[in-house]
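Note sheet for the following structure.
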Amino acid sequence: MVFLLLCVLIHLSFAEKGCVWVVGRVQCERDSAKNLNVELRVWDRDATGLLQFIDPDDLMGVTFSSEDGRFQLDGCGDDFDWIPGLSNKPEPYVEVFT
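Just so we're aligned: the sequence shown equals residues -15 to -1, 1 to 83 in mature numbering (1 follows the signal peptide of the UniProt record, and there is no 0).
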């Protein structure tokens, strides 16, 4: 039991955590009714190309826009530091679904 706890603590010590808070507005110039309930997600980019299969991006948060297109989105993510001494901070990006 002590060994398992020690392994978990060591693993957590090599992870970099970061949080993001996004405030904004989506706007459709042609049809303002489309501003309501637009789904927005914030992701933590982990890998690209073939490595995406091994280490997919992590979902940090989800929200939907209000009637006028405004939204608040927040979330946290953590990345494992694969190379000791080299910090691997989360790289957030926002995805919009209409």
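For each residue, glycine too, the CB sits at the ideal point set by N, CA and C.
On a predicted model such as this, the values are computed, not experimentally measured, just so you know.
| Asked | Found |
| --- | --- |
| Inter-residue spacing [alpha-carbon to alpha-carbon] between Ala32 and Pro41 | 7 Å |
| For Val5 and Ser17, the rounded distance between their alpha carbons | 28 Å |
| Limits of the beta strand (DSSP E) - the one that Glu76 falls within | 76 to 82 |
| Beta-carbon separation (whole angstroms), Phe56 vs Leu25, contact threshold 8 Å | 6 Å |
| Outcome for Phe(-13) when other beta-carbon atoms lying within 10 angstroms are tallied against a minimum of 16 | In this predicted model, Phe(-13) has a pLDDT of only 35, less than 50, meaning its place in the structure is not dependable enough to derive any value. |
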